[in-house]
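**Student:** Before anything else, here's the structure in question.
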Amino acid sequence: MGVTAAISPSSPTYTAPPGSTCPSGRIVTTVPRSTNIARPPVEFPVPPLIFEPKVMDRRGGGMAMADFDAGPPVTVARHFAKVPSYADFQELFWYDWGPVFYRGRLNRTARLLAIASDPGPTERVAGRTLVGDAGQRVQGFLTKLGLTRSYTLVNAYAYALRPSRAQKAAPLLARPDQLTWRNTLLELITGPQLQAIVAFGVQARAALQMWDGRPDVPVFEVPHPSSRNPSALVDSWRQAVTDLRAIVTPDPDGDNAVSNYGPKFLESDYASIPARDLPFGVPPWLGNDAWGRQDKPRHNNSVERPSTDLLNTLVWRAPKLG
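The opening residue of the sequence shown carries number 1 in full-length UniProt numbering; numbering runs sequentially from there.
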């Protein structure tokens with residue numbers, strides 16, 4: 001059970017109109033549909049660095065120290081702001097919601113680079129990639145390698161891909177402007193400490209194969225975490241974990257001797273998204289959907305696209321705390 005809200009990207013902040021709360025607890029805002037007019041590049045502000053923030057401690061009501069991601073380094077932020085336009089291909093993507101770029105370390109200290117396909121609804125709310133159900137599966141994968149922070153996660157596409165149009169979108173990966181921008185990004189965020197690369201799924205594999213300047217490190221191509229073939233996924237991930245444990249150095253507070261995957265993907269194979277990977281001020285439960293997976297009916301993500309308005313509305317559900 002949870003509290004739900006529906007939000008739309010009609011403004012930089014999502015503000016419900018007066019009187020919009022209905023008995024079901026849903027708050028709905030509207031957004032104009034996009035047109036075919038090409039839009040100018042969006043300038044993304046470079047966030048200031050903030051050190052040792054204090055936030056309210058839900059348990060005691062006092063103040064507690066908290067980790068959070070202060071945003072990309074200036075050089076990377078400027079590159080994000082130059083993402084090529086998707087306007088000519090907007091019918092292939094959830095275009096109105098804008099791009100989501102990364103999660104993890106962007107300062108070239110990562111020992112593992114992981115590439116997935118595209119950001120989903122939860123990622124749009126978080127402003128970081130691989131945060132929803134698929135991301136929590138990937139976090140479990142990282143946990144089995146003993147990695148708690150020394151990783152970088154990005155996608156083949158900066159915008160959320162509409163699944164039924166993935167094949168039509170594939171040529172976009174090879175467009176010169178997209179290819180140059182993506183490969184430059186990969187070079188900006190990887191450094192001499194990189195020990196391995198993992199490509200999750202078809203789109204990630206294609207993007208990786210187009211990276212001419214790829215570092216000379218082992219590459220693992222495995223199914224995407226949302227694969228519809230669960231047995232192939234768990235078999236491939238199990239072998240990848242076994243091999244990667246001999247290659248990637250775990251973090252000091254990590255443990256790469258924990259249980260590997262068994263014959264089926266279990267709840268214990270998930271891991272919540274660390275606060276250090278998320279922006280300051282997000283709810284403490286964002287990135288941990290265990291409550292939804294245990295709910296009846298089950299829902300794997302706290303953020304979903306409602307069938308009544310797939311293009312312009314997201315429904316964000318919160319657990320009932322306390």
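Think of the CB as a built atom: it goes at the ideal place given N, C-alpha and C, for glycine as much as any other residue.
Just so you know, these numbers come straight off a predicted model, no measurement behind them.
Suppose contacts are defined by Cβ-Cβ distances below 7 Å. Is V234 in contact with F200 by that definition?
**Tutor:** Contact: no.
**Student:** Please state whether DSSP places N155 in a helix, a strand or coil.
**Tutor:** Residue state, collapsed to three classes: strand.
**Student:** If I measure Cβ to Cβ from H79 and keep anything under 8 Å in the same chain, skipping five residues before and after, which residues do I get?
**Tutor:** The answer, listed in chain order, is W181, T184, L185, L188.
**Student:** Under three-state DSSP, which class holds A160?
**Tutor:** Three-state DSSP puts A160 in coil, outside helix and strand.
**Student:** Is the beta carbon of L278 less than 7 Å from the beta carbon of R128?
**Tutor:** Yes; because the gap between Cβ atoms is below 7 Å, this pair is in contact.
**Student:** Alpha carbon to alpha carbon, what distance is there between W94 and T308?
**Tutor:** Going by the C-alpha atoms only, they are around 15 Å apart.
**Student:** Report, in whole angstroms, the separation of the C-beta atoms of I115 and A170, which I expect to be a contact under 8 Å.
**Tutor:** Rounded, the Cβ-Cβ distance is 15 Å, inconsistent with contact.
**Student:** At which residues does the beta strand (DSSP E) containing F200 begin and terminate?
**Tutor:** Element bounds for F200: 196-200.
**Student:** Counting C-beta neighbours from all protein chains within 10 Å, is the total for R103 16 or more, i.e. buried, or is it exposed?
**Tutor:** Burial call: buried.
**Student:** Going by DSSP in three states, I247 sits in which element: helix, strand or coil?
**Tutor:** The answer is coil: DSSP assigns I247 none of H, G, I, E or B.
**Student:** Any C-beta of chain D sitting closer than 7 Å to the C-beta of N260?
**Tutor:** Note that chain D does not occur in the displayed structure, where there is just one protein chain.
**Student:** Going residue by residue through the region 75-125, where are the continuous beta strand (DSSP E) segments of at least 3 residues, counting only ones entirely within it?
**Tutor:** Those beta strand (DSSP E) runs which fall completely within the region 75-125 and span 3+ residues are 112-116.
**Student:** Where DSSP assigns a beta bridge to residue 326, which residues make up the other side?
**Tutor:** Since the first and last residues shown for the chain are 1 and 322, residue 326 lies out of range.
**Student:** Compute the Euclidean distance between the alpha carbons of L314 and R108, then round it to the nearest angstrom.
**Tutor:** Near 34 Å, if we compare the C-alpha coordinates of R108 and L314.
**Student:** Using a 10 Å radius around the Cβ and a threshold of 16 neighbouring Cβ atoms, would you call I27 buried or exposed?
**Tutor:** Confidence at I27 is low in this model, with a pLDDT of 33, below 50, so the placement of that residue is unreliable and no value is reported for it.
**Student:** Cα separation between F280 and F220?
**Tutor:** Using only the alpha carbons, I get a separation of about 32 Å.
**Student:** Measuring straight from C-alpha to C-alpha, what distance separates R124 and N260?
**Tutor:** For R124 and N260, the distance between alpha carbons rounds to 30 Å.
**Student:** Look at the Cβ atom of T148, then the Cβ atom of D69, and state whether they are nearer than 7 Å.
**Tutor:** Against a cut-off of 7 Å, the Cβ pair of D69 and T148 comes out as no contact.
**Student:** Less than 7 Å between the beta carbons of P218 and I247, yes or no?
**Tutor:** In this structure, I247 lies closer than 7 Å to P218 by Cβ.
**Student:** Report the rounded CA-to-CA distance for A160 versus G213, giving the unit in angstroms.
**Tutor:** Between A160 and G213, the C-alpha separation is close to 26 Å.
**Student:** Tell me which residue opens and which closes the beta strand (DSSP E) that E267 is part of.
**Tutor:** Here E267 belongs to no beta strand (DSSP E), and DSSP marks it neither H nor E.
**Student:** Would you list the residues sitting across from F220 in a DSSP beta bridge?
**Tutor:** In the DSSP output, where bridge partners are listed per residue, F220 has V198.
**Student:** State the DSSP-derived secondary structure class of R149, mapped to helix, strand or coil.
**Tutor:** Three-state result, R149: coil.
**Student:** Taking the C-alpha atoms as reference points, what is the distance between L172 and Q178?
**Tutor:** Looking at the two C-alpha atoms, the distance is approximately 7 Å.
**Student:** Could you check what DSSP says for K296 in three-state terms: helix, strand or coil?
**Tutor:** It is coil, neither helix nor strand.
**Student:** Which two residues bound the contiguous alpha helix (DSSP H) that contains A257?
**Tutor:** No alpha helix (DSSP H) contains A257, which DSSP labels as neither H nor E.
**Student:** Pick out whichever of V100, D88, L92, P84 has its Cα sitting closest to the Cα of P72.
**Tutor:** Checking every option, the nearest Cα to that of P72 belongs to V100.
**Student:** For P171, name the three-state secondary structure that DSSP assigns.
**Tutor:** Helix, per DSSP.
**Student:** Going straight from the alpha carbon of S226 to that of A166, what length do you get?
**Tutor:** For S226 and A166, the distance between alpha carbons rounds to 14 Å.
**Student:** Looking at C-alpha atoms only, which residue of P84, T152, K296, D118 is the closest neighbour of N176?
**Tutor:** Asn is not the amino acid found at residue 176; the sequence shown has Pro there. The shortest C-alpha separation from P176 is found at P84.
**Student:** Could you please give the first and the last residue of the uninterrupted alpha helix (DSSP H) stretch that includes G140?
**Tutor:** That run of the alpha helix (DSSP H) goes 133-144.
**Student:** Do you know offhand how far S150's Cα is from L112's?
**Tutor:** So the two alpha carbons sit approximately 7 Å from each other.
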